[in-house]
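Going left to right, the sequence shown walks through residues 24 to 448 as this note's numbering numbers them.
Worksheet: one structure, shown below.
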Amino acid sequence: MRAVDIIQKKRDGFELTKEEIQWLIDGYVAGTVPDYQMSAFAMAIYFKGMTTREISDLTMTMVGTGQQIDLSEISGIKVDKHSTGGVGDKVTLILVPLVASFGVPVAKMSGRGLGHTGGTIDKLESVKGFQVERSQEEFIKQVQDIGLSVIGQSDQLVKADKLLYALRDVTATVDTIPLIASSVMSKKIAAGADSILLDVTVGEGAFMKNIEDARRLAQTMVELGKAVGRRTIAVITDMSQPVGTSIGNRLEILEALEILQGKGREDVTHFICELAQIMLGLANIEKTVEEVREQLMNGSALRKFEAMIQAQGGDLEDLYRPSSAQYIVDITADQSGFISELPAMEFGLFAMRLGAGRAVKSDNLDYETGIVFEKKVGEAVQSGEVVAKIYANQKISEEMLTEFKKNVRIDVERKKVSEIIEVIS
Ligand code: URA
């Protein structure tokens with residue numbers, strides 16, 4: 024076979040065979056297919072798409088390019104969760120201990136943030152001492168002992184995705200359904216859980232900009248999961264504004280602690296309880312959202328979270344430490360009305376420039392910086408009232424302040440928001 028023929032076949036809109044897909048992906052991982060041919064292949068997929076069968080073959084080929092985790096030593100139904108990317112998305116930090124507090128084992132591998140999106144692993148690393156790299160034995164033992172662990176994605180898992188994702192990131196080929204579906208599902212299948220909850224984000228700050236595309240991505244991934252015997256449910260969630268009130272690593276840890284202490288905002292608390300109810304259902308535990316909320320309020324989830332922090336070497340005193348950012352700048356409203364838009368992408372990029380995110384993979388993070396919103400979309404605001412606070416370790420220029428304010432959009436009419444838009448099972 025020749026890479027150029029496979030690229031041409033896809034470019035011209037034909038369906039590839041399993042052997043062709045496997046030859047190309049294996050060659051890429053082995054280094055015999057160069058980046059420039061893989062980029063052309065990714066772009067051909069971007070424009071011509073893939074059939075369900077091709078996506079399935081691509082996914083399983085990718086799974087085969089690395090190790091597969093065997094979680095069978097952990098008793099019970101293991102559940103996993105994955106988000107297709109968000110701004111201010113600290114959901115895993117609360118959802119995992121909440122679900123684990125019902126006795127459902129959660130062995131989760133998470134990623135780092137890039138560009139406007141944040142990563143759970145970076146947030147956890149903002150806690151002094153917290154270890155995100157564990158051997159497979161340590162990972163499994165911790166879940167057996169305390170019921171949960173969140174670690175960084177092993178280098179040995181789905182090697183094709185590591186290479187391909189980095190390439191897609193710099194060739195404008197991330198936001199295409201076949202490549203997102205195969206990237207997410209290959210990692211979830213290799214990570215070994217029995218059941219999977221997928222959070223498919225939609226809106227300005229997400230890869231899927233409209234509900235139709237989000238629905239197609241969700242359906243594709245649910246089918247992929249089912250085809251390999253993993254119970255899979257996808258929820259389509261709103262990413263037009265940041266999740267909750269904070270963006271930035273330390274700031275999001277603090278917000279997660281507030282929610283785990285039962286002192287979080289009602290909307291995000293309710294949203295997480297709904298997700299937990301679905302995730303528990305995937306482990307055959309039927310609870311009402313109210314029962315899940317009671318568990319959150321009685322401190323069980325917080326105790327699980329603290330247990331995980333300690334088990335992975337984190338310092339409990341440091342966990343509760345406020346941000347040490349040097350400058351905290353209030354942003355006030357220029358007019359009265361209702362917050363109508365807080366574009367997630369723009370604020371994600373703003374936080375990135377403060378050091379809370381990475382422009383390129385090699386960037387170092389400043390864990391202390393970011394944004395805390397005092398008002399979210401749909402809420403009333405008076406002229407002069409504080410809408411948000413910027414946490415920075417650099418002086419914020421007038422230009423940056425103007426840019427920030429421009430993105431806080433205020434209208435005379437109240438806009439309705441809902442976090443979960445649709446559930447696909
Ligand atoms: N998240 C992933 O893991 N992969 C993608 O391609 C997009 C989002």
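Virtual Cβ for every residue (Gly too), placed ideally from N, Cα, C.
Only a predicted model underlies this, so the values are computations on that prediction, with no experimental measurement involved.
Lys286 versus Thr143: straight-line alpha-carbon distance, rounded
21 Å
Please name the residue, chosen from Ile282, Asp261, Thr425, that lies closest to Asp357 on a Cα-to-Cα basis.
Thr425
Assigned exposure category for Phe70 - 16 Cβ within 10 Å defines buried
exposed
Please specify which runs of the alpha helix (DSSP H), each continuous and at least 4 residues long, are wholly inside the stretch 394-429, giving them in chain order.
With a minimum length of 4 residues, no continuous alpha helix (DSSP H) run stays inside the stretch 394-429.
Do the CB positions of Val155 and Ile174 come within less than 8 Å of each other?
yes
Is Ile351 buried or exposed, if buried means 16 or more other CB atoms sit within 10 Å of its CB?
exposed
Do three or more CB pairs link the stretch 116-136 to the stretch 226-236 at distances below 8 Å?
In the pairwise beta carbon analysis, the stretch 116-136 is classified as not touching the stretch 226-236: fewer than three pairs are separated by under 8 Å.
Would Pro128 pass as a contact of Val166 if the rule is Cβ separation under 8 Å?
yes
Heavy atom of ligand 1 within 7 Å of Thr194 beta-carbon:
It does not: the Cβ of Thr194 is nowhere closer than 7 Å to a heavy atom of ligand 1.
Segment contact flag, the stretch 430-439 with the stretch 359-367, C-beta cutoff 8 Å, min 3 pairs
These segments touch.
Tell me, please, which residues DSSP counts as bridged to Met132.
Ile174
Taking three-plus beta-carbon pairs below 8 Å as touching, is the stretch 59-78 in contact with the stretch 97-104?
no
Could you tell me if the beta carbon of Gly108 falls within a distance shorter than 7 Å of some heavy atom in ligand 1?
yes
Simplified DSSP state of Gln60, which is helix, strand or coil
Gln60: helix per DSSP, three-state reduction.
Looking at Tyr69 and ligand 1, is the gap between the Cβ and the nearest heavy atom below 7 Å?
No, since every heavy atom of ligand 1 falls outside the 7 Å radius drawn around the Cβ of Tyr69.
Assuming Ala367 and Gly228 make a contact with CB atoms under 8 Å, what is their CB distance in whole Å?
2 Å
Tell me whether Phe361 sits in a helix, a strand or coil according to DSSP, three-state version.
strand
Pick out whichever of Lys439, Val312, Ala26 has its Cα sitting closest to the Cα of Phe294.
With distances taken between Cα atoms, Phe294 lies closest to Val312.
Tell me the rounded alpha-carbon separation between Glu402 and Asn321.
29 Å
Sort Leu280, Ala65, Pro57 by Cα distance to Leu516 and report the nearest one.
Because the chain spans 24 through 448 in this model, residue 516 falls outside it and cannot be assessed.
Measuring alpha carbon to alpha carbon, tell me which residue in Asn307, Gly111, Arg135 is nearest Lys384.
Arg135
Endpoints, beta strand (DSSP E) assigned at Ala257:
First-last of the beta strand (DSSP E) with Ala257: 254-261.
Whole-angstrom Cβ separation of Val291 and Met244, contact assumed at under 8 Å?
Not really, about 24 Å apart at Cβ, beyond 8 Å.
Whose C-alpha, out of Arg25, Phe396, Asp58, Gly54, is nearest the C-alpha of Glu42?
Arg25
Using 8 Å as the threshold, is the C-beta distance between Gly111 and Ile270 below it?
yes
Between the Cα of Glu275 and those of Arg316, Gly380, Ser448, Ser172, spot the shortest distance and give me the residue it belongs to.
Comparing Cα positions, the closest option is Gly380.
Three-pair Cβ contact test at 8 Å for the stretch 215-232 versus the stretch 300-312:
A contact is defined here as three or more CB-CB pairs under 8 Å, and the stretch 215-232 meets this definition with respect to the stretch 300-312.
Is there contact between the stretch 259-273 and the stretch 323-338, where contact requires at least three CB pairs shorter than 8 Å?
no
So, with DSSP's three-state summary, where would you put Thr82?
Thr82 falls in the helix class under three-state DSSP.
Closest by C-alpha distance to Ser441, when choosing among Glu297, Arg344, Gly393, Val197:
Glu297
Roughly how far, in whole angstroms, is the beta-carbon of Thr199 from the beta-carbon of Ser62, given that I think they are within contact range, below 8 Å?
Not confirmed; about 13 Å, so no contact.
From Ile212 to Phe153, what distance separates their C-alpha atoms?
26 Å
Are the beta-carbon atoms of Ile29 and Pro201 separated by less than 8 Å?
no
Please determine, among Met375, Gly371, Ile282, Thr260, the residue with the shortest C-alpha to C-alpha distance to Ile444.
Thr260
Confirm, please, whether the CB-CB distance from Met66 to Thr196 is below 8 Å.
yes
I'd like to know whether the C-beta atoms of Ala250 and Leu283 end up nearer to each other than 8 Å.
Taking 8 Å as the Cβ cut-off, Ala250 and Leu283 do not qualify as a contacting pair.
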